[in-house]
Amino acid sequence: MAAIQRSVRIFPASCTHLTRQLFPKPHHRNNLSQARLTCLRYSTDKRSVPPITHVNGETIVRSPYPDLSIPQCSFAEYVFGQLDNFSDFALMVDNTSGRHFSGRKLKEYSIKVASALTKMGFKKGDRILIFCSNCPEYAIMFMACSAIGVIVSTANPVYTDGKEYHKVLNVTEKFYENSHTKRQIIAAELARQISHSESSAIVTLPGLMQTAVQAVNSSKDIAEQVKLIISIGNSDGAIPFSLLMEDDGKTFPENTDINSKEDILVLPYSSGTTGLPKGVMLSHYNIIANIEQLIRGPMSHLTAGKDSLIGVLPFYHIYGMVVVQFGSICLGTKLVTIPKFEPEPFLSAIQKNKISYMHLVPPLALFMAKSPLVEKFDVSTVQNMVFGAAPLGAGLTQELMDRIGANVIQGYGLTETSPATHFDTSPPKVGTVGHPLPNTQSKVIDVHTGKSLGPGETGEVLLAGPQVMLGYLKNQSATDDMVKDGWLHSGDIGHFDEEGYFMITDRLKELIKYKGFQVAPAELEALICTHPAVADVAVIGIQVGEDVGEVPKAYVVPKPGVTLTEEDITNFVDANVAPYKKLRGGVKLIDSIPKTASGKILRREVKNM
1 MAAIQRSVRI
11 FPASCTHLTR
21 QLFPKPHHRN
31 NLSQARLTCL
41 RYSTDKRSVP
51 PITHVNGETI
61 VRSPYPDLSI
71 PQCSFAEYVF
81 GQLDNFSDFA
91 LMVDNTSGRH
101 FSGRKLKEYS
111 IKVASALTKM
121 GFKKGDRILI
131 FCSNCPEYAI
141 MFMACSAIGV
151 IVSTANPVYT
161 DGKEYHKVLN
171 VTEKFYENSH
181 TKRQIIAAEL
191 ARQISHSESS
201 AIVTLPGLMQ
211 TAVQAVNSSK
221 DIAEQVKLII
231 SIGNSDGAIP
241 FSLLMEDDGK
251 TFPENTDINS
261 KEDILVLPYS
271 SGTTGLPKGV
281 MLSHYNIIAN
291 IEQLIRGPMS
301 HLTAGKDSLI
311 GVLPFYHIYG
321 MVVVQFGSIC
331 LGTKLVTIPK
341 FEPEPFLSAI
351 QKNKISYMHL
361 VPPLALFMAK
371 SPLVEKFDVS
381 TVQNMVFGAA
391 PLGAGLTQEL
401 MDRIGANVIQ
411 GYGLTETSPA
421 THFDTSPPKV
431 GTVGHPLPNT
441 QSKVIDVHTG
451 KSLGPGETGE
461 VLLAGPQVML
471 GYLKNQSATD
481 DMVKDGWLHS
491 GDIGHFDEEG
501 YFMITDRLKE
511 LIKYKGFQVA
521 PAELEALICT
531 HPAVADVAVI
541 GIQVGEDVGE
551 VPKAYVVPKP
561 GVTLTEEDIT
571 NFVDANVAPY
581 KKLRGGVKLI
591 DSIPKTASGK
601 ILRREVKNM
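Per full-length UniProt numbering, the very first residue in the sequence shown carries number 1; after that it's consecutive.
1) Taking its Cβ as the centre, do 16 or more other Cβ atoms sit within 10 Å of His27, making it buried, or is it exposed?
2) As a quick exercise: from Glu254, Thr337, Asn134 and Gln441, pick the residue whose alpha carbon is nearest that of Val158.
3) Going by DSSP, what residues sit across from Asp492 in a beta bridge?
4) Can you grab the Cα-Cα spacing for the pair Thr256 / Gly207, in whole Å?
5) Return yes when the Cβ of Gly434 is within less than 8 Å of the Cβ of Gln410, no when it is not.
6) List the residues that DSSP assigns as beta-bridge partners of Met92.
7) Residues bridged to residue 638 by DSSP?
8) If you draw a straight line from the C-alpha of residue 655 to the C-alpha of Asp506, how long is it?
9) Taking the alpha helix (DSSP H) that Tyr412 falls in, what are its first and last residues?
10) Within a Cβ cutoff of 7 Å, which residues of the same chain sit near Pro594, ignoring the five residues on either side of it in sequence?
11) To the nearest angstrom, how far is it from the Cα of Thr425 to the Cα of Gln184?
12) Cβ atoms of Ser418 and Leu462: under 8 Å apart, would you say?
13) Go ahead and pull the three-state DSSP assignment for Val551.
14) Please state the DSSP three-state secondary structure of Gly395.
15) Tell me the DSSP bridge mates of Pro240?
16) Quick one: what does DSSP say Glu189 is sitting in, helix, strand or coil?
17) Where does Ser328 sit, in a helix, a strand or coil, going by DSSP?
18) Would you call the CB atoms of Leu265 and Ser146 closer than 8 Å?
19) If we call anything under 8 Å between Cβ atoms a contact, is Thr397 one with Val374?
20) Taking the Cβ atom as the reference point for each residue, do Ile60 and Gln325 lie within a distance shorter than 8 Å?
21) Using DSSP with H/G/I as helix, E/B as strand and the rest coil, what is Lys370?
22) What are the complete alpha helix (DSSP H) segments, minimum 4 residues, inside the region 417-494?
23) In angstroms, rounded to a whole number, what distance separates the CA positions of Phe75 and Lys261?
24) With a 10 Å radius around its C-beta and 16 neighbouring C-beta atoms as the bar for buried, classify Met609 as buried or exposed.
25) When you compare only the Cα positions, how much space is there between Ala597 and Ile540?
26) Name, in chain order, the residues that DSSP records as bridge partners for His531.
27) Nearest CA to the CA of Asp497: which residue from Glu137, Gly459 and Leu91?
28) Helix, strand or coil, according to DSSP, for Tyr501 in the structure here?
29) When you compare only the Cα positions, how much space is there between Asn56 and Val483?
30) With a 10 Å radius around its C-beta and 16 neighbouring C-beta atoms as the bar for buried, classify Lys167 as buried or exposed.
31) Asn259 to Ala369, Cα distance in whole Å?
32) Taking DSSP as the reference, what is the three-state secondary structure of Gln518?
33) On the DSSP bridge assignment, give the partners of Lys595 in chain order.
34) Mind pulling the alpha helix (DSSP H) runs of 4 or more residues that sit fully within the region 268-327?
35) Where does the unbroken beta strand (DSSP E) through Lys124 begin, and where does it stop?
36) Quick one: any contact between the region 119-129 and the region 381-388, if contact means 3 or more CB pairs under 8 Å?
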């Protein structure tokens, strides 16, 4: 296993100080559960000392929150302890069917499924790929796998661009050009992940079954590798997930030998916006640490049994998987799962379930701020809206706050950091992603010299903490490029202010270099989004010659029913930016901006529009 060499304390895999009976006697609570009862409302009072420190000539921003003691146990042991605290709480609600799952039922089903998997021959180190949209069974399967040491790989059920996979899958570019169905492209991408992750089983839905079968049958090697397909619902040729949930639980292994700091829990794949997706190895300890950092830090004000969250962000993505799905469960709040974003069902779910706290991505910020549909539903119960995955401009933030009447909070992180590293508090400091989380350090370096920078100076953001990945699967060189001297290089451009609040402005590789000046596309996008006739925008660099470099070009989506010209946008930008930031590459009006499911702009696709 290619892993970052870090100094770690070796501990007994049994985690003696946290061991407990997985089938406790009535009213019995283990030590972990008791500890969580006392610290669940962990104080969010910040340190009295400034978070900015100077160490060996470097300026390092530490968390304003006290350091935490991270439990060293398996993920299942950790989450089961949380579920014991909320046995009678409705923790997950399937918005489509109305099914409710209490903490007791989630744990019970997880144990049954783990037992069934054990009977099927699955053991520690095996890999199972989950290929489905959001539903309570997603969490159950995840917990079941973690309990027996099976590694979960999560796949995007709505892959959008498969053209880079022809080299890996040994098929021609012409295959993609001549494909008449999106399913073929998705199957090709899925096949690559199945092969690379070495998954021996797939969990999917009836509507995705044909795609899964195509992926499995795409090569002899994959067909031999995948032993079975499990379907959440009835599908020909698949084992019904309901059968696993009906298992007697008798073969559940109570003492799986798991080293939480070294054993992989999950293999999400990075978005691949700059190349083929890479498998990110995240340990049990990585994910436990990040959940603790969130629920005992900036999310600790949420109230068990009272607050309701909406699970619209995809669970295959690290943000939806950890922050939304398990952050909610471990706080005892209710999570309403939605399989995909559809405007009216989404707003209806908010109204029906009196949603108070929402994790969203920037495309949904645009929807909530600008869509006339929002006015037709009661969203007054929403108190906090948290955004991640891509920068959110100050103008759009203010527009959203004015319309919804809720706090708009930004967070920051990467797949490689499990994912969260920074999180603003309520009330937020508009335009920032807040401070580093507990146990997390961050700094900014000059992109050319590597020199540590101070407040207000812009450079690449570096990160360190217990949530940093083990490394990339089968890719030590990429791991070494990403993590150097204990610091993860984010590839994001940003700065921090005198109070240690961070602002993320753009991706290092997306900066437009014009005559020696650096222009951040996200800055121009945030500005253009404030134009009253603009629904969405993407800015890219257009190469014009070695002496000039690149010039910015804007691709703008007008609001429906309004009149907007290229000249309107050009004049608007000219009046609000320095000369080197002007749209010298022009403006193009388009129907929509291609984006990933997490809201990141697919700039390579934009360039071809």
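A virtual CB, placed ideally from N, CA and C, is assigned to each residue, including glycine.
Keep in mind it's a predicted model, so treat the numbers as computed, not measured.
Quick answer:
1) Translated into positions along the sequence shown, residue 27 becomes position 27. Note that His27 scores 33 on pLDDT, short of 50, meaning its location in the model is unreliable; the coordinates nonetheless yield the value given after this. Answer is exposed; the Cβ neighbour count stays below 16.
2) For the purposes of this step, residue 158 is taken as the residue at position 158 of the sequence shown. Checked all of Glu254, Thr337, Asn134 and Gln441; the closest Cα to Val158 is Asn134.
3) Position 492 of the sequence shown holds residue 492. BP columns for Asp492 point to Arg507.
4) If you number the sequence shown from 1, residue 256 lands on position 256. If you number the sequence shown from 1, residue 207 lands on position 207. Using only the alpha carbons, I get a separation of about 34 Å.
5) Position 410 of the sequence shown holds residue 410. Position 434 of the sequence shown holds residue 434. Yes, they are a contact pair.
6) Translated into the one-based positions of the sequence shown, residue 92 becomes position 92. Beta-bridge pairing links Met92 to Phe101 and Leu335.
7) Here the chain covers residues 1 to 609 and nothing more, so residue 638 does not appear.
8) A query on residue 655 cannot be resolved here, the shown segment of the chain reaching from 1 to 609 and no further.
9) Against the sequence shown, residue 412 aligns to sequence position 412. Here Tyr412 belongs to no alpha helix (DSSP H); instead the beta strand (DSSP E) covers Asn407 to Gly413.
10) For the purposes of this step, residue 594 is identified with residue 594 of the sequence shown, where counting begins at 1. Contacts found: Leu602, Glu605 and Val606.
11) Looking up residue 425 in the sequence shown gives position 425. Looking up residue 184 in the sequence shown gives position 184. Approximately 44 Å, taken between the alpha carbons.
12) Position 462 of the sequence shown, counting from 1, holds the residue named residue 462. Position 418 of the sequence shown, counting from 1, holds the residue named residue 418. Cβ atoms of Leu462 and Ser418: not closer than 8 Å.
13) Along the sequence shown, one-based indexing puts residue 551 at 551. DSSP places Val551 in strand when its eight states are reduced to three.
14) On the sequence shown, residue 395 is found 395 positions in, with the first residue counted as 1. If DSSP states are grouped into helix, strand and coil, Gly395 belongs with the helices.
15) Here the question's residue 240 lines up with position 240 in the sequence shown. In the DSSP output, where bridge partners are listed per residue, Pro240 has Ser231.
16) To locate residue 189, count along the sequence shown from 1; it is residue 189. Helix, per DSSP.
17) Along the sequence shown, read from residue 1 onward, the residue named residue 328 stands at position 328. Helix at Ser328.
18) Residue 265 sits at position 265 when you count from the first residue of the sequence shown. Residue 146 sits at position 146 when you count from the first residue of the sequence shown. Yes, Cβ-Cβ distance for Leu265 and Ser146 is below 8 Å.
19) The residue given as residue 397 occupies position 397 in the sequence shown. The residue given as residue 374 occupies position 374 in the sequence shown. Their beta carbons are not under 8 Å apart, which means Thr397 does not touch Val374 by this criterion.
20) Counting from one through the sequence shown, the residue named residue 60 turns up at place 60. Counting from one through the sequence shown, the residue named residue 325 turns up at place 325. No, the pair does not count as a contact, with Cβ atoms beyond the cut-off.
21) Residue 370 sits at position 370 when you count from the first residue of the sequence shown. If DSSP states are grouped into helix, strand and coil, Lys370 belongs with the helices.
22) 476-482
23) Working through the sequence shown from its first residue, we reach residue 75 at position 75. Working through the sequence shown from its first residue, we reach residue 261 at position 261. Between Phe75 and Lys261, the C-alpha separation is close to 11 Å.
24) Reading the sequence shown from its first residue, position 609 is the one you call residue 609. That one is exposed.
25) Position 597 of the sequence shown holds residue 597. Position 540 of the sequence shown holds residue 540. The alpha-carbon atoms of Ala597 and Ile540 are separated by roughly 20 Å.
26) Locating residue 531 in the sequence shown gives position 531, where the first residue counts as 1. Its beta-bridge partners do not exist; DSSP assigns none.
27) In the sequence shown, the residue the question calls residue 497 occupies position 497. Minimum Cα distance to Asp497 is reached at Gly459.
28) Start at 1 with the first residue of the sequence shown, and residue 501 comes out as number 501. The answer is coil: DSSP assigns Tyr501 none of H, G, I, E or B.
29) Taking the first residue of the sequence shown as 1, we reach residue 56 at position 56. Taking the first residue of the sequence shown as 1, we reach residue 483 at position 483. For Asn56 and Val483, the distance between alpha carbons rounds to 20 Å.
30) The residue labelled residue 167 in the question sits at position 167 within the sequence shown. Unreliable placement is indicated for Lys167, whose pLDDT of 34 sits below 50; no coordinate value is reported for it.
31) As a first step, residue 259 must be located in the sequence shown, where it is residue number 259. As a first step, residue 369 must be located in the sequence shown, where it is residue number 369. The alpha-carbon atoms of Asn259 and Ala369 are separated by roughly 46 Å.
32) Translated into positions along the sequence shown, residue 518 becomes position 518. DSSP places Gln518 in strand when its eight states are reduced to three.
33) Numbered from its first residue, the sequence shown carries residue 595 at position 595. Lys595 pairs with Ile601.
34) 284-295
35) Stepping through the sequence shown from its first residue, residue 124 is reached at position 124. Unbroken run through Lys124: none, as it is neither H nor E.
36) no
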